[in-house]
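S.K.: Input: one structure, supplied below.
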Amino acid sequence: MPPRGRRGARGRGLAAPPRPPCLGSSAAPSRAMENYHVLERIGEGSFGHVYKGRRRHSAQVVALKFIPKVGRSEKELKNLQREIEIVRDLHHPNIIQMLDSFETANEVVVVTDYAEGELFQILEDDGTLPESQVSLSLQWPCSVCCRLEKTGP
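Following this line, the structure appears as structure tokens:
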């Protein structure tokens with residue numbers, strides 16, 4: 058039986074993961090993109106697509122968020138840049154750390170730590186959470202909000 062994921066798919070006859078738009082566009086990709094291997098697409102949101110990746114010459118697994126610039130107003134792009142600057146300076150154990158960000162001709166790329174698992178998935182799989190876990194789950198958003206308030210916009 059073939060492996061379920063794409064990890065280690067090279068040389069096993071599995072199709073390569075779809076490439077993010079900036080790597081397949083006619084515009085030359087940013088030189089910063091050369092620092093990362095794109096492994097597989099892991100999600101899609103209202104802002105763009107998310108890929109699991111790996112920093113070149115390292116075992117560090119990252120999430121690469123590709124946010125298209127096309128169709129966005131100048132104001133939206135400025136707000137996005139401001140959000141990136143705010144998140145870059147946030148350091149908290151319960152916030153995914155931003156590692157890098159850069160632009161290509163067509164996109165803004167945000168690189169963050171890669172984290173597996175989400176509360177929704179845990180609830181879907183397990184059905185419930187013990188009271189102690191619920192308490193912990195509610196403490197960290199409060200802690201994050203306090204950190205954001207101290208950091209300011």
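Throughout, the working numbering is defined as the position within the sequence shown, counted from one, plus 57. A virtual CB, placed ideally from N, CA and C, is assigned to each residue, including glycine. From a predicted model like this one, the values you see are computed outputs, not experimental measurements.
Could you tell me the alpha carbon to alpha carbon distance between residue 158 and residue 164, rounded to whole angstroms?
M.R.: The residue you call residue 158 lines up with position 101 of the sequence shown. The residue you call residue 164 lines up with position 107 of the sequence shown. Answer to the nearest angstrom: the Cα atoms are 11 Å apart.
S.K.: Identify every residue that forms a DSSP beta bridge with residue 98.
M.R.: As a first step, residue 98 must be located in the sequence shown, where it is residue number 41. Beta-bridge pairing links residue 98 to 108.
S.K.: CB-CB under 8 Å to residue 169, same chain, minus the five flanking residues each way: which ones, in chain order?
M.R.: Within the sequence shown, numbered from 1, the residue matching residue 169 stands at position 112. Closer than 8 Å at Cβ, skipping near neighbours: 119, 120, 122, 153, 154, 155, 156.
S.K.: In chain order, what are the residue ranges of uninterrupted beta strand (DSSP E) at least 3 long that sit wholly in the stretch 111-156?
M.R.: Contiguous beta strand (DSSP E) elements confined to the stretch 111-156 occur at 118-125, taking only those with 3 or more residues.
S.K.: Let's test the definition: count the other Cβ atoms within 10 Å of the Cβ of residue 180 and tell me whether it reaches 16, buried, or not, exposed.
M.R.: Here residue 180 refers to the residue found at position 123 when the sequence shown is read from its first residue. Classification for residue 180: exposed.
S.K.: Run through DSSP, which three-state label would residue 103 get?
M.R.: Walking along the sequence shown from the start, residue 103 turns up at place 46. DSSP places residue 103 in coil when its eight states are reduced to three.
S.K.: Straight-line CA distance for residue 91 to residue 113?
M.R.: Within the sequence shown, residue 91 is the residue found at index 34, counting from 1. Within the sequence shown, residue 113 is the residue found at index 56, counting from 1. Near 8 Å, if we compare the C-alpha coordinates of residue 113 and residue 91.
S.K.: Among residues of its own chain, excluding the 5 on either side of residue 94, which ones have a beta-carbon nearer than 7 Å to its beta-carbon?
M.R.: Here residue 94 is taken as the residue at index 37 of the sequence shown, counted from 1. Answer for residue 94: 110, 111, 113, listed in chain order.
S.K.: Rounded to whole angstroms, what's the CA-CA distance from residue 136 to residue 115? Just pull it up for me.
M.R.: To locate residue 136, count along the sequence shown from 1; it is residue 79. To locate residue 115, count along the sequence shown from 1; it is residue 58. Between residue 136 and residue 115, the alpha-carbon positions lie close to 32 Å from each other.
S.K.: Using a Cβ-Cβ cut-off of 6 Å (strictly less than) and excluding sequence neighbours within five positions of residue 82, which residues of its own chain qualify?
M.R.: Position 25 of the sequence shown, counting from 1, holds the residue named residue 82. Residue placement at residue 82 is flagged as unreliable, the pLDDT there being 36, under the threshold of 50; a coordinate-derived value is accordingly withheld.
S.K.: Under a three-way DSSP split, which group does residue 160 fall into?
M.R.: Within the sequence shown, numbered from 1, the residue matching residue 160 stands at position 103. Correct three-state label for residue 160: strand.
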